[in-house]
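Q: Structure in structure tokens, see below.
2 protein chains.
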Amino acid sequence: MPQEYRIKFLPSDRVFPAERGDNLLEIAMQAGVHINASCGGRGVCGKCRVRIAGGSVESSGNPLLSDDDRAMGFRLACSSSITEDAVVEIPLESQIDRSILARSATLTDANVSAADELLTRLYGREPLVARYNCELPKPDANDNISDAARVARAVSVRAGCGEPAFPLGILRELSIDLREADWSITADVAPDTCEITRVARGNRESAHYAVAVDIGTTTVTAELIDCLASSAGSMVLASSTDYNGQISYGEDVISRIMYCRKRRGLTKLHDVIMSTINALISDIVPDAKVDAADITHIVAAGNTTMMHLFYGIDPRHIMLAPYTPAATAFSPSGVRGLGFMPGLDARLYSVPGVSSYVGGDIVSGVALSGMTEKGGISLFMDIGTNGEIVLGNNEWLLCASCSAGPAFEGGGIGFGMRAAPGAIEKVRINQATLEPMILTIGRVRPLGICGSGLIDLVAELFIGGIIDRNGRFSLQKQGIRLREGPNGMEYVLCFASETGTERDITLTEIDLDNIMRTKAAVYAGCSVLLQNGGIGFTDLDSVIIAGGFGHSIDIEKAIIIGLLPQLPVDRFRFMGNASLGGARTAAVSRGFFAKTADIARSMTNIELSENAQFMNEFMAAMFLPHTDDRAFPEVIDALKAGRE
Amino acid sequence: MPQEYRIKFLPSDRVFPAERGDNLLEIAMQAGVHINASCGGRGVCGKCRVRIAGGSVESSGNPLLSDDDRAMGFRLACSSSITEDAVVEIPLESQIDRSILARSATLTDANVSAADELLTRLYGREPLVARYNCELPKPDANDNISDAARVARAVSVRAGCGEPAFPLGILRELSIDLREADWSITADVAPDTCEITRVARGNRESAHYAVAVDIGTTTVTAELIDCLASSAGSMVLASSTDYNGQISYGEDVISRIMYCRKRRGLTKLHDVIMSTINALISDIVPDAKVDAADITHIVAAGNTTMMHLFYGIDPRHIMLAPYTPAATAFSPSGVRGLGFMPGLDARLYSVPGVSSYVGGDIVSGVALSGMTEKGGISLFMDIGTNGEIVLGNNEWLLCASCSAGPAFEGGGIGFGMRAAPGAIEKVRINQATLEPMILTIGRVRPLGICGSGLIDLVAELFIGGIIDRNGRFSLQKQGIRLREGPNGMEYVLCFASETGTERDITLTEIDLDNIMRTKAAVYAGCSVLLQNGGIGFTDLDSVIIAGGFGHSIDIEKAIIIGLLPQLPVDRFRFMGNASLGGARTAAVSRGFFAKTADIARSMTNIELSENAQFMNEFMAAMFLPHTDDRAFPEVIDALKAGRE
């Protein structure tokens, strides 16, 4: 019989049994202890640093850990196996922190006003599932049609549809329901299929709720929607956000897909996302003081991989050329059998996607942005681990996904991290002394640098001439801040004594390279779409930036590094979590939900992964701000002015 | 711990354990030993006579058993409880015998030619579920839509429908199916909802089968249908009939509904009907040498109670005024969760019914009869335990059910029995000697009298003046055959020495009363419908007699007793099992199936149970042939001639 050991995790104090040889990262996952792990446990990201505070583990050497780190007890969890009882401390930067999430979950004004305009002007307010109280006449000898026909007769009058269909589960309870409720019932009806989705006893017409859920790779947000609210601003009764529990199985979609190749990997990831969603619903339902039984429908939006995992569909072909997902659209269905919490008996709708890398989250956001209602051409961007971009207007739509890499979410950057407390989000550099001024989220000791901080930092380094147009450090500026590090030249943003991790926070040329790749991929993707649309950047009416990332970036800095095209600042519009906004709007409007399907159908997906035009554009964008100065005249002017 | 006893049943030799106090009828049911039991175990029908051939049981006295019977070891199983080991012999007349069933299962000519005409002239051949082989282009970088969209694209071209929907179960397997099958798959599509119901690997288009099942209260028949057959005559590849396993729980629908009030009674009856159906399907699939996976759909027809039990819906309100069923129409669904045999993954359709006592079996038969396609008015009759009647043409339809009582199926008749071997089916009586000439089914020793035998017998007794117009025996004819019995006057059809039961087979005035009630109810029901339709019997173009009962009756004798109206014999048409014929036809024709829904919707149900007009007509029909001589001029003439 194998010997059992006890592994204690700090700071949570959680204790979990393990056997000799068990992998430490897997034990943490099983114990529900989150450790950042970008690469899915392959030992290549170095994110799963833990400190062995008691006992010991057996670890393979890994170049991502210095000898100093090892001496201090640091190990990579993914490369460590159990040999005895151990106490494992998860350092701050390896923990995930939920407190930051509340920020991104708030409704953005742009989001709300877009929804109100669309609902009022175009799509009307008719929830995806309708709710009708029916006060039925009691049967007598002259009117003894079946119970189902009696309900159907009343519903078809209220709903203006044909003869509604009943699922068997409802028929089996119907006779008792009708008599116990003395012939006063409330029928939930899906008008698209003219199907009765539930029958409740009594009059519940005034309690009509839905859940909108945005299933992101990193974070998941659920909102409780009042289907009877008169405006988009008042329809969100409660909201909750948490990290996607799958994050412990890999930070990006590729890692998740890889994990699905393990035995029962798909089942595990499905179970984990359902736990995350159920926990969110369990938060918002009591918050809003509603009865879960009055939630008539759920609208989900997410990227194509997330939707596969949510529905329990193997996503493996998403990462294999020619990148075909199993499905991008999912028929409305009951929630049963999907692992939703008990007591929830709603109909589930999902916003359809377009391709493996342009999912329902993008379609949802594009629909909400209103860009498809106008003649003027808009560019829609959602920059996360992938950059998804959509170009078009009310007549045509082109879309693409550029594997931008996760640089702006902290991936591939030595001290990169997500936008969480301790992340450096704003940077200014004194161009004479090279001394920085930084602000962290939560105003606590810095732990690392998040996306907006990286954009600021690179722009400042570039404007100050500390890096050149190739993203290389200028040797002339060497000093305390700009020094030779173990991996070449590096800029020290914070010294160890100032940080929360007791390590210097630096930016290396390797980091710069990754940032350049990311920004070049996004810009090149936009360029290819524009060329395919036969227009130039200056023809754009608006640039819509969706997603949590866009929320906090400095547009002008993003233009300086050539991530965004140089356009007047008033043409940029931040939509916040447009995916969630679209799902929320669909919940209260059949017409809007139907529009998302139209949009998904009409988008032409341009595959960039093996596209020669994209490679050319990408290479051209691997400069700061770009090879083509004419596209960034003001940046070039500013540079010249600064260096004169 | 309770003492266990061993109960052995003869002639099957089956042995089953029981505990002290267990009810003998329930033990037999659990053991799968069938004993006729009309009343559902209430001790009032006297049908569950068994002989205790070894050991003993404790029985309450029951007036339905004579002292002689008791002395010979006969007991009523429903009133007996276990006290020790016992050997229980099921007498022939209490057994049910499957051999007779083959007869009724054969296709009747009328049935086949009606289907062929309807399909050719009106409804076309388009199976309820279509089957399309799709040879899909392999995805490449220029065509990398999702796997589901690839299938949908091909199917929508073949099916001429919009974008088909995929159930989640199919999506979860789709990517593997497509690749394992090298992009050649067969999609089953329900055109009504444009839903893909299954995806099979490879080209299965030429193997396209359905199952038609008629769920009768007494018998169940399943047929394997070739959806690609060119004619109704050739489309039935195999057929199997068995008694409905529920028969042990009560012979009529009321007994079954009563049984559902017991704890887990509904579940039990549902399980039993599913076992019966599964056994039939297990018969026909190998008979026809097909793969169960190639059965794309099942079409079921049955009376309203049977459909409730089949779908697992509590039927209790069917027997409570005002007689509202839970449902008469059932939405198409998958077979999963209903208890069908593994390996079957078909879509299930049911022919809709009208009311608690006019079910889908009647609608199915009416549709097949073609009466709704003609201007001339037809009367459709199905006489079983209930008499269901439908009147109308291509413009209007009236229907009713008269609780005729089970006299013609042997119920309420001392020596009545179902049409099984040993049943007397033909009777002639020498009017001088009163000596009978009889024929039994299977030409074996007589065990009892079935419906057609009863009609013959009563007509002969009436024509011969042995009974008067009130159904009372004529005291002048008393003799060996006509004698005073324990329950008043009785006619002896067979003496004990000639029978297979060693008891005299007799017909009493109580029996005559029950037969009169049955025939009066049927005739009165017809009269009420005709009056509501504003027509007389002679206005009828045709009288269609459906069901196993009609199969063997002598029309002229049925007119003599006033069961059928007096019309030229060529206006009567036997349809055989029209319910099954309709289900079979629907399986290969969407148009025909849609027609059944139209028919169900357009039938006006006339409730007879508390109808004063019906009571008047019923009283008027409680004579032979009827109070109103003008309705039966030829019978009256024949009587006069016979007695002059």
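Protein chains in written order, with the numbering used here: chain Y, 56 to 699; chain V, 56 to 699.
Positions of the beta carbon are idealized from the N, C-alpha and C atoms, including for glycine.
1) Could you give the residue range of the alpha helix (DSSP H) that holds Arg227(Y)?
2) What does Arg227(Y) reach in chain V if we use C-beta pairs closer than 7 Å?
3) Kindly list, in the order they appear in chain Y, the residues whose Cβ is closer than 9 Å to that of Glu662(V).
4) In whole angstroms, what is the alpha-carbon distance linking Tyr60(V) and Pro380(V)?
5) Closest by CA to Asp297(V), which one among His325(V), Ile312(V) and Ile339(V)?
6) Kindly list, in the order they appear in chain Y, the residues whose Cβ is closer than 9 Å to that of Leu223(V).
7) For the region 98-153 of chain V, list the beta strand (DSSP E) runs that are entirely contained and at least 3 residues long, ordered along the chain.
8) Hey, is the region 348-355 of chain Y in contact with the region 284-299 of chain Y, meaning 3+ C-beta pairs nearer than 8 Å?
9) Using only alpha-carbon positions, find the residue among Glu611(Y), Thr682(Y) and Asp369(Y) that is nearest to Arg524(Y).
10) Any chance you could list the alpha helix (DSSP H) runs of at least 4 consecutive residues sitting entirely within the region 579-628 of chain Y, in chain order?
11) Which partner residues does Ala185(V) have in the DSSP bridge list?
12) Quick one, which of Tyr304(Y), Ser337(Y) and Gly477(Y) has its alpha-carbon nearest Thr556(Y)'s?
13) Check whether chain Y comes within 8 Å of Ser230(V), counting only Cβ atoms and requiring the distance to be less than that.
14) In the DSSP assignment, what residue or residues form a beta bridge with Phe71(V)?
15) In its own chain, which residues sit with a C-beta less than 8 Å from the C-beta of Asp692(Y), not counting the 5 before and 5 after it?
16) For the pair the region 571-582 of chain Y and the region 411-424 of chain Y, tell me if three or more CB-CB distances fall below 8 Å.
17) Spell out the partners DSSP gives Cys454(Y) in its beta bridges.
18) Decide yes or no for the touch test of the region 166-184 of chain V against the region 634-654 of chain V: beta carbon pairs closer than 8 Å, at least 3 of them.
19) So that I know if they touch, is there some Cβ in chain Y lying closer than 8 Å to that of His325(V)?
20) Taking the alpha-carbon positions, what's the Gly257(V) to Ser239(V) distance?
21) Measure how close the beta-carbons of Ile730(V) and Ala613(V) come, nearest whole angstrom, since I'm counting them as under 8 Å.
22) Closer than 6 Å by C-beta to Phe308(V): which residues in its own chain qualify, once you throw out the five before and the five after it? Chain order, please.
23) Skipping 5 residues on each side, what residues in its chain have a beta carbon closer than 8 Å to that of Tyr378(Y)?
24) Residues of chain V with CB under 9 Å from Ser410(Y), in chain order?
25) If contacts are defined as beta-carbon pairs under 8 Å, then Ala265(V) and Pro182(V) qualify, I think. What distance do you get, rounded to the angstrom?
26) Please report how far the alpha carbon of Leu679(V) lies from the alpha carbon of Phe517(V), in whole angstroms.
27) Might you give, ordered along the chain, the residues of its own chain that have their beta carbon closer than 6 Å to the beta carbon of Ala686(V), omitting 5 neighbours on each side?
28) If you count every other CB in all the chains shown that lies within 10 Å of the CB of Pro72(V), and 16 or more means buried, which is it?
29) Would you call the region 214-234 of chain Y and the region 319-326 of chain Y touching, i.e. three or more CB-CB distances under 8 Å?
30) Using 8 Å as the limit for Cβ to Cβ distance, is Thr379(Y) near chain V?
31) What does Pro491(Y) pair with, by DSSP beta-bridge criteria?
32) Return yes when the Cβ of Gly467(Y) is within less than 8 Å of the Cβ of Asn569(Y), no when it is not.
33) Listing by chain order, which chain Y residues have their CB less than 8 Å from the CB of Ala382(V)?
34) In angstroms with no decimal places, state the Cα-to-Cα distance between Arg253(Y) and Ala242(Y).
35) Looking only at its own chain, which residues have a Cβ that is under 6 Å from the Cβ of Tyr178(Y), when we skip the five neighbours before and after it?
36) Give the DSSP-derived three-state secondary structure of Gly257(Y) in the structure shown.
A: Here's the rundown:
1) Leu223 to Glu235
2) Gly367 and Ile368
3) Ala196, Asn197 and Asn199, listed in chain order.
4) 42 Å
5) Ile339(V)
6) Tyr366, Gly367, Ile368, Phe385, Ser386, Ser388, Gly392 and Leu393
7) 104-114, 129-131 and 135-144
8) no
9) Thr682(Y)
10) 610-615
11) Val244(V)
12) Gly477(Y)
13) yes
14) Phe71(V) has Ile62(V) as its beta-bridge partners, per DSSP.
15) none
16) no
17) Val445(Y) and Asn660(Y)
18) Yes: at least three Cβ pairs fall under 8 Å.
19) no
20) 5 Å
21) Nothing about residue 730(V) can be read from this structure; chain V reaches only from 56 to 699.
22) The identity of residue 308(V) in the sequence shown is Val, whereas the question assumes Phe. Correct list, in chain order: Thr272 and Thr360.
23) His372, Ser410, Ser411, Tyr412, Glu662 and Ser664
24) Residues of chain V passing the Cβ test: Asn199, Ile200 and Ser201.
25) 7 Å
26) 8 Å
27) none
28) exposed
29) Three or more Cβ pairs closer than 8 Å define a contact, and the region 214-234 of chain Y falls short of that threshold against the region 319-326 of chain Y.
30) yes
31) Looking at the DSSP output, Pro491(Y) bridges to Ile484(Y).
32) Taking 8 Å as the Cβ cut-off, Asn569(Y) and Gly467(Y) qualify as a contacting pair.
33) Ordered by position in chain Y, the residues that pass the 8 Å Cβ test against Ala382(V) are Ser201, Asp202, Ala203, Ala204, Phe221, Leu226 and Leu229.
34) 6 Å
35) Ser644, Gly646 and Phe647
36) coil
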